[in-house]
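Asker: Each residue of the sequence shown is one higher than the one before, starting from 755 at the first, in our numbering.
My questions all concern the structure below.
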Amino acid sequence: MKRVVRVVGIMLSAWSALYISHGTDYLGLDIAPNQHQGIFMGLLFMLTYLTHPADKKKPGVRWYDWILMLLGVAPCVYVLFFYKDWLLHSASEIQSYELVLAAALVISLLEGLRRSMGLIVTCLTLFFILHPLLSAYLPSILFGRGYSLERVGAMAYMQPEGVFSLPLNIAATIIIGFLLFGQLLITTGSGRVLINMALSMAGRVRGGGAKSAVIASGLYGMLSGSPASDVAVTGSFTIPLMKSTGYSSEVAAGIEATASSGATIMPPVMGAVAFIMAEWLGIPYARVALVSFLPAFLYYYFLIVQVDLHSAREKILRIPVAEMPTFWRTLREGWWKLIPIPILLFLLFGRGYPPAVSGLWAGICMVIITLFRKATRLSWKQLGDALESAAESAVVVGLACAMAGIMMASVSITGLATSISSFIVELSSQNLFILLFLAAAACFVFGMGIGSIPSYIFVAITVAPALTKIGVPILAAHLFVFWTAMSAFITPPVCVAAYVASAIAKCSPVKAGLHAVRFGAGFFVVPFAFVYNPALILNGTIMQTIIAAAAMAIGLYAIAIGFEGYLRKSVVWWQRVLFMAAGVSMIYPSLVIRLVAIAVIAAQVLLHVKAARDPVVEDVTAGSRGS
């Protein structure tokens, strides 16, 4: 069966590469986008049931797996070979046999989601399928006019809604292109070069193990866009390193989970959401990536500050010199492995190429570069491994995008999105802070355990309109709901990234998640900052952006002191409260409030430094804490 999995995986990746590169045109194959989605989804269903058993305790492919696989593949084959009929009926009326195919597709998709993403996602998808049917009988914001079985079947299966819509098209082109690029980087050892560079840059300072983990996870996450895979790749090295330098298992796992979760907000990939956001809002992808950089940088800055203060408090020193690679040696030996990264950025931002084409050609360049040295030349087996791994990684993303298409269609025809938005606005009495708080809470709940793409799509449909109704710019609204939904990756009870990290660290996932929440507070603070300060997402002059960024840097540093309770020595509770209050106040774009906050922060720092130098005050302070 492993051989079958390998063949199907290579077929999926190779076909996607052929389509993205327009190789089908050169071969004289007239393939419409929906037909390509049919091929992609059909192979994806095969791979799902070949690699995800119904019961993880009983691996292997059973007879019912083949039936479920056929239920998913058959509707995709119909789209491929009877495309004109399918398109015609999409514009008129769904046929009875197409309704059967729609039911088969939904059944296979629901079971595939359960196996690959869990029961929560399956139940959520089932809700969006049943809601149009039952909405006439439901109360309050769930009430709707109600739709027939035929209309719901068309919603799920026919163009332009449902499974074969925008999210799946992005998965079948852009996301698979970047997955291929990422797997080729891993196969050639580029990921290891990034980790060694992070070690050489941060390993020699206080808390070097954790700071190296943050930098390595950030660099790798820029390209992977997946918290779970980021933790698995970088965490397998950085977590043991952190533990060896003095960090507890729970703290090491929490730091790694927090750093890797930044993969979803750090350009250029951003968990593939940047591509969907650009298509949805009708703006260039390069703009989404550009405006997202400064907030993401502030997130990692906040994390580094917290790690530094925690290391100082726990007296965790740098990594032993003997265990660290040197920067220039790392660069000298592996610089060529990083060439595809600037090529990718040049194609995306310099030439404005489509993301799918840019990712694919950057990956092809990686293969070509390895040919110049016999020792680094990829074998056919290694190339096949990369293609197979990219296809297997596409299973979760592809099924999630298919689910997101159904979600979009459902809330669109029932008006649920409008109902939820109006309810949130009414509840907040149109107060911006209360509305942002309620929106953040809703996004967190909606984001639990369903992945970055469906999380974003759902909150963008239901919650973002509530923000735009009271004047929040549309791009800021979409970034806000996306950031707050992504906090679910590190926040118990779900905290997917913390679960992966805790498995490596061999500790409690809940404790790791609680530490991740503390270190990942940027997920909750920075979104409020760029809504109140649009200059942080480049919606303002250069000077306004500089002032806003400087204010947030000061504020985040003060909040970090409050969280960690340490500066040059331990900070007493009332000082921690003042630091946090002043830090949060720096978010509000008022000169007077910021000057007062800076004065409070500066006064507390001076008092603290003086107390740290004065042994008498030190003893008194220690004694008051002891009593």
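Glycine included, every Cβ here is placed at the ideal spot set by N, Cα and C.
Assuming L797 and V759 form a contact by the criterion Cβ under 8 Å, report the distance between their Cβ atoms to the nearest whole angstrom.
Answerer: Rounded to the nearest angstrom, the Cβ distance from L797 to V759 is 11 Å, too far for a contact under 8 Å.
Asker: Excluding sequence positions up to five away, which residues of its chain have a Cβ less than 7 Å from the Cβ of L1192?
Answerer: I1178, L1181, S1182
Asker: Does the Cβ of G1036 lie closer than 8 Å to at least one heavy atom of the ligand NAD?
Answerer: Summarising the ligand content, the structure contains no ligands, and the ligand NAD is consequently not present.
Asker: Just how far apart, CA to CA, sit L1153 and L867?
Answerer: 7 Å
Asker: Which runs of the alpha helix (DSSP H), 4 residues or longer, sit entirely within the segment 915-996?
Answerer: 920-924, 930-941, 944-956, 962-978
Asker: Compute the distance between the beta-carbons of V1363 and R1330, then report whether it is under 9 Å.
Answerer: no
Asker: How many whole angstroms separate the CB atoms of E852 and S1262, which I take to be in contact at a CB cut-off of 8 Å?
Answerer: 50 Å between Cβ atoms; not a contact.
Asker: Please report the Cβ distance between G916 and A925, rounded to the nearest whole angstrom; I am assuming they are in contact, meaning their Cβ atoms lie under 8 Å.
Answerer: 14 Å between Cβ atoms; not a contact.
Asker: Looking at the strands, I want to know which residues DSSP matches up with Y803.
Answerer: The secondary-structure analysis by DSSP pairs Y803 with nothing; it has no beta-bridge partner.
Asker: Measure the alpha-carbon distance for F1317 versus T1130 and round it to whole angstroms.
Answerer: Cα-Cα distance, rounded: 46 Å.
Asker: Skipping 5 residues on each side, what residues in its chain have a beta carbon closer than 7 Å to that of A1376?
Answerer: For A1376, the predicted model reports a pLDDT of 41, less than 50, meaning its position is unreliable; a value from the coordinates is still stated below. None.
Asker: Measuring CB to CB, does A1365 end up less than 9 Å from G1337?
Answerer: no
Asker: Less than 9 Å between the beta carbons of I993 and A1270, yes or no?
Answerer: no
Asker: Closest to R1072 by CA distance: which of P1247, A967, L939 is it?
Answerer: A967
Asker: Can you check whether the CB of L887 is closer than 9 Å to the CB of L903?
Answerer: In terms of Cβ geometry, L903 and L887 form a close pair [threshold 9 Å].
Asker: Suppose the cutoff is 6 Å on Cβ atoms and the five residues either side in sequence are ignored; what does the same chain contact list for A1252 look like?
Answerer: Same-chain partners within the cutoff: A1011, I1244, P1263, A1266, G1267, A1270.
Asker: Run through DSSP, which three-state label would S1324 get?
Answerer: strand
Asker: Does D1139 come out as helix, strand or coil in the three-state DSSP assignment?
Answerer: Looking at D1139 - three-state DSSP - the assignment turns out to be helix.
Asker: Out of L938, I969, T941, L892, which one is the CA nearest neighbour of M711?
Answerer: This structure does not reach residue 711, given that the chain is present from 755 up to 1381, and the question cannot be answered.
Asker: DSSP state of D819, grouped into three classes?
Answerer: helix
Asker: Going by beta carbon distance, what residues of the same chain come within less than 7 Å of A1171, once the five residues before and after it are set aside?
Answerer: Short of 7 Å from the beta carbon of A1171, and not among the five residues preceding or following it, lie these beta carbons of its own chain, in chain order: V1165, I1215, T1216, P1219.
Asker: Where does R1127 fall in DSSP's three states?
Answerer: coil
Asker: Is it buried or exposed, R816, if we count other Cβ atoms within 10 angstroms and call 16 or more buried?
Answerer: exposed
Asker: From Q1060 to S1014, what distance separates their C-alpha atoms?
Answerer: If you take the alpha carbons of Q1060 and S1014, they lie about 16 Å apart.
Asker: Extract the residue ranges of the alpha helix (DSSP H) inside the segment 1048-1106, only unbroken runs of 4 or more that lie entirely within it.
Answerer: If we require 4 residues or more, the alpha helix (DSSP H) runs fully inside the segment 1048-1106 come out as 1081-1088, 1094-1099.
Asker: How should T876 be labelled, buried or exposed, when 16 other C-beta atoms within 10 angstroms of its C-beta is the threshold for buried?
Answerer: Around the beta carbon of T876, 16 or more other beta carbons sit within 10 angstroms, so the residue counts as buried.
Asker: Please list the segments of the alpha helix (DSSP H) lying wholly inside the segment 1331-1369, counting only runs of 4 or more residues, in order along the chain.
Answerer: Those alpha helix (DSSP H) runs which fall completely within the segment 1331-1369 and span 4+ residues are 1345-1367.
Asker: Under the three-state reduction of DSSP, which class applies to Q1329: helix, strand or coil?
Answerer: Here Q1329 sits in helix by DSSP.
Asker: With distances taken from CA atoms, which of I874, W1237, V1042, A1303 is nearest P1392?
Answerer: Nothing about residue 1392 can be read from this structure; the chain reaches only from 755 to 1381.
Asker: So is T802 buried or exposed if we call it buried at 16+ other beta carbons inside 10 Å?
Answerer: Label assigned to T802: buried.
Asker: Using a threshold of 9 Å, state whether the C-beta atoms of L824 and E865 are closer than that.
Answerer: Note that the C-beta distance between L824 and E865 is not below 9 Å.
Asker: Can you list, in chain order, the residues of its chain with a C-beta nearer than 6 Å to that of M1334? Leave out the 5 residues immediately preceding and following it.
Answerer: If we look at M1334 and ignore the five residues flanking it on each side, its Cβ neighbours are I1313, G1316.
Asker: Can you tell me whether DSSP reads G826 as helix, strand or coil?
Answerer: helix
Asker: Between S1143 and G1117, what straight-line distance do the alpha-carbon atoms span, to the nearest angstrom?
Answerer: 14 Å
Asker: Within 10 angstroms of the Cβ of M1402, are there 16 or more other Cβ atoms? Answer buried if so, exposed if not.
Answerer: As shown, the chain starts at 755 and ends at 1381. That puts residue 1402 outside it, with no answer to give.
Asker: If you follow the alpha helix (DSSP H) that Y780 is part of, which residue opens it and which one closes it?
Answerer: Going by DSSP, Y780 is part of the alpha helix (DSSP H) stretching over 777-780.
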